[in-house]
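> Structure provided below as structure tokens; questions to follow.
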Amino acid sequence: PPLEVLIVLRVWQFGSPMIIFLAAIKQVPQEMLEAAAIDGASKFQRTIRIMLPMISPIILFNLIMQIIDGIDKLD
């Protein structure tokens, strides 16, 4: 198959976890991020201490789905 088709298929496959991550990030309350910024937290600290704990269930879900997909491709 042409190279363009392979690229589109690979991007399409990677797209669903990214959409799930973006939806999770959108669900993080902006008030928490604003409060941390007012308290003096840097962008890195807000990411590590607020965003990651809030989206950790989604990270686990995507990890499990990718493991299942990887095992499925072994066959």
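Note that my numbering numbers the sequence shown so that position 70 is 61, with each residue one more than the last. Where is the CB? At the ideal position from N, CA and C, for every residue including glycine.
Look at the Cβ atom of Ile46, then the Cβ atom of Ile10, and state whether they are nearer than 8 Å.
No, the Cβ-Cβ distance between Ile46 and Ile10 is not below 8 Å.
> Report the residue from Met56, Leu43 and Ile62 whose alpha carbon sits nearest the alpha carbon of Val19.
Among Met56, Leu43 and Ile62, the Cα nearest to that of Val19 belongs to Leu43.
> Hey, could you find the ends of the alpha helix (DSSP H) Ile55 is sitting in?
Leu43 to Leu65 is the span of the alpha helix (DSSP H), which, as asked, contains Ile55.
> Exposed or buried, Arg113, counting other C-beta atoms within 10 Å across all chains shown (16 or more means buried)?
Any property of residue 113 remains undetermined from this structure, which presents the chain solely from -8 to 66.
> To the nearest whole angstrom, what separates the beta carbons of Ile41 and Ala27, a pair I think is in contact under 8 Å?
The pair is a contact, with the Cβ atoms about 6 Å apart (cut-off 8 Å).
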